[in-house]
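The structure under discussion appears below in the form of structure tokens.
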Amino acid sequence: MTKRRYNLAVIRYRGTLLLLNRLKKPYAGLWNGIGGKNEGDETAEMGMRREIFEETGLNQNQYTLYNTGWLDWHIDGEFIAGIDVFLAEIKESVQLPLYPVGTREGILQLFDEQWVLSEENYGIVADLKVILPEVLAKNVKRYYTDFHGEQLIAYEAFPIEEGN
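Mapping of the sequence shown onto my numbering: residues 20 to 183, in sequence order.
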């Protein structure tokens with residue numbers, strides 16, 4: 020199994036998505052999922068759970084985590100990084116704080132899923148927006164994205180064969 024350097028989670032709660040408006044590049048000022056870098060010998064799941072806790076304060080017993088594949092991120096055709104992609108579904112019994120909440124990474128806010136998925140919504144990181152329907156359906160895919168600057172110029176999704 021290939022070890023990827025980064026992770027990204029889409030966090031769902033009662034028909035809403037918890038997103039982060041990033042303070043730093045890449046994609047400063049755009050809404051994105053929660054994620055970061057895997058550290059040391061962390062597995063993809065361990066790294067994702069740590070990032071979710073660090074960025075949201077959610078403990079692993081408050082959500083169910085699904086691995087939904089990975090994204091191969093390119094800029095101008097050059098491979099930049101592999102990103103493990105997850106869906107975290109917060110349990111119905113969990114009471115979240117009032118949002119928005121400012122953090123060291125940016126601003127956390129809950130949004131209605133339909134607002135996030137709207138074609139007229141240009142405030143979502145482009146690769147998150149295109150993979151979101153597959154992730155929310157818990158489809159396990161390998162995604163290919165290619166950017167020119169911060170503009171998405173190519174996207175493909177491939178089913179992952181069992182054992183890959």
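Even glycine gets a Cβ: it sits at the ideal position worked out from N, Cα and C.
- Residue state for R69 is assigned as helix, using DSSP reduced to three classes.
- In this structure, G125 lies away from V104, with their beta-carbon atoms at least 8 angstroms apart.
- Of the other Cβ atoms in all chains shown, 16 or more fall within 10 Å of the Cβ of N57; this residue is therefore buried.
- In the same chain as V29, and ignoring 5 residues on each side of it, the C-beta atoms closer than 6 angstroms to its own belong to G52, L106 and V154, in chain order.
- Cβ neighbours of F72 within its own chain (closer than 7 angstroms, five residues either side excluded): N78.
- In the DSSP secondary-structure assignment, L129 is bridged to L37.
- According to the DSSP secondary-structure assignment, I53 is paired through a beta bridge with A28.
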